[in-house]
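Taking it in order: structure first as structure tokens, then the write-up.
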Amino acid sequence: MPSQKALIRRPSPRLSEGLVTHIERTPVDAALALEQWETYAETLREHGWETVETEPADDCPDGVFIEDTVVMFRNVALIARPGAESRRPETAAVEETLARLGCSVNWVWEPGTLDGGDVLKVGDTIYVGRGGRTNAAGVQQLRAAFEPLGARVVAVPLSKVLHLKTAVTALPDSTVIGYPPLVENPTVFPRHLPVPEESGAHVVLLGGGKLLMAASAPKSAELFTDLGYQPVAVDISEFEKLEGCVTCLSVRLRDLYA
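Quick note: to get the numbering used here, add 23 to the position in the sequence shown (first position is 1).
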């Protein structure tokens with residue numbers, strides 16, 4: 024049976040100091056962010072996911088965006104080396120947690136940089152954004168870690184967004200969804216579906232056709248409903264102010280060995 028664990032980390036008290044790259048900085052309500060994070064975690068649990076909370080990283084403003092710290096393929100964890108140097112202390116606690124869960128742990132080494140948010144897995148194909156946070160050496164090390172396990176790695180140039188998964192994610196049938204102004208080359212993907220809102224491009228597959236997505240994308244939710252899926256909306260407005268989305272706030276562990 025596939026595992027259904029989700030790695031999460033509670034927001035730092037310094038969340039409002041988090042990095043922003045492609046948007047204007049606006050004030051973040053830390054108390055509201057914590058409430059939204061707690062609702063996000065509870066929503067995962069309500070839909071069958073066991074949440075595993077990693078040790079807090081209170082000195083790391085962006086630590087709640089735990090997806091950037093690791094890339095999972097089957098039972099193998101590739102510990103990232105974030106492109107932003109200030110985020111590199113975030114990885115140690117994640118590595119410890121994954122080792123306790125029985126994962127085989129590998130690392131991205133200097134001069135490579137890799138953010139987990141740049142990696143989109145669709146079946147055994149791994150798309151990796153090559154842009155501001157992930158460099159060529161990081162892509163090469165991702166290939167070295169996962170291609171021997173049967174993965175096909177496809178590099179995707181980025182310039183308009185922070186991470187690849189800021190622009191695109193995928194539906195359960197492997198159709199890649201994206202907001203057209205931010206998708207630089209949709210022909211990279213065998214099947215691509217435009218969505219009407221930027222945050223509508225971000226979904227987490229909960230299982231059974233259920234899609235965890237931001238409450239800020241009601242038109243996209245209607246589109247997914249028309250396609251036969253069941254959107255599950257959560258308000259993550261405070262994290263969106265820091266270029267965060269529903270995928271950033273957890274690492275879904277679907278293939279841990281029993």
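Every residue, glycine too, gets a C-beta built ideally from N, C-alpha and C.
If we call anything under 8 angstroms between Cβ atoms a contact, is residue i one with residue j?
i: L101; j: Y150; result: no
i: A116; j: R156; result: no
i: L205; j: K183; result: yes
i: E266; j: L181; result: no
i: R166; j: A159; result: no
i: F262; j: A56; result: yes
i: S273; j: S239; result: no
i: Y63; j: V199; result: no
i: D138; j: P84; result: no
i: L276; j: A122; result: no
When the Cα atoms are used, what is the spatial distance from residue i to residue j?
i: A237; j: E220; result: 10 angstroms
i: E78; j: W130; result: 19 angstroms
i: T148; j: R33; result: 30 angstroms
i: V177; j: V93; result: 18 angstroms
i: L234; j: P134; result: 36 angstroms
i: T44; j: E90; result: 17 angstroms
i: T120; j: V87; result: 15 angstroms
i: C126; j: V75; result: 14 angstroms
i: P112; j: S35; result: 13 angstroms
i: A224; j: V218; result: 6 angstroms
i: D249; j: H70; result: 21 angstroms
i: R48; j: K264; result: 7 angstroms
i: Y252; j: G231; result: 9 angstroms
i: F96; j: D278; result: 8 angstroms
Compare the C-alpha of residue i against each of the options and name the closest.
i: A193; options: L229, I31, P84, R153; result: L229
i: W60; options: T44, V255, I31; result: I31
i: T136; options: K28, D258, L38, T114; result: T114
i: R214; options: E170, V269, Q27, V191; result: V191
i: G146; options: V162, T270, G41, L172; result: L172
i: A53; options: G41, R277, K144; result: G41
i: S284; options: V75, E119, A256, D81; result: Residue 284 lies beyond the stretch modelled for the chain, which goes from 24 to 281, so this question has no answer here.
i: D141; options: Y280, R277, C271; result: C271
i: L38; options: I46, K28, Q27, P50; result: P50
i: L246; options: G201, K264, P105, G231; result: G201
i: N98; options: V162, Q163, S26; result: S26
i: Q163; options: E118, A103, P195, T189; result: A103
i: I46; options: T189, R123, P241, E73; result: T189
i: W132; options: D278, P241, Y252, G161; result: G161
i: S222; options: P209, S243, R68; result: S243
Just to confirm the assignment, what range does the alpha helix (DSSP H) spanning residue i have?
i: S127; result: Looking at the DSSP string, S127 is not in any alpha helix (DSSP H); the run it does join, the beta strand (DSSP E), is 127 to 130.
i: R212; result: First, the amino acid is wrong: residue 212 is Phe here, not Arg. Neither: F212 is in no alpha helix (DSSP H) and is coded neither H nor E.
i: L187; result: 187 to 190
i: A64; result: 53 to 69
Are there any heavy atoms of the ligand SAH lying less than 7 angstroms away from the beta-carbon of residue i, as far as the coordinates show?
i: L265; result: This structure simply doesn't include the ligand SAH, nor any ligand for that matter.
Identify whether residue i lies in helix, strand or coil by the three-state DSSP scheme.
i: L265; result: coil
i: V6; result: Only positions 24 to 281 of the chain appear in the structure, and residue 6 is not among them; the question remains open.
i: T136; result: coil
i: Q253; result: strand
i: V87; result: coil
i: P203; result: helix
i: A174; result: coil
i: R166; result: helix
i: P241; result: helix
i: L101; result: strand
i: G161; result: helix
Locate the beta strand (DSSP E) running through residue i, then write down its first and last residues.
i: E113; result: Looking at the DSSP string, E113 is not in any beta strand (DSSP E), and its letter there is neither H nor E.
i: E76; result: 73 to 76
i: Y150; result: 148 to 153
i: I31; result: 28 to 31
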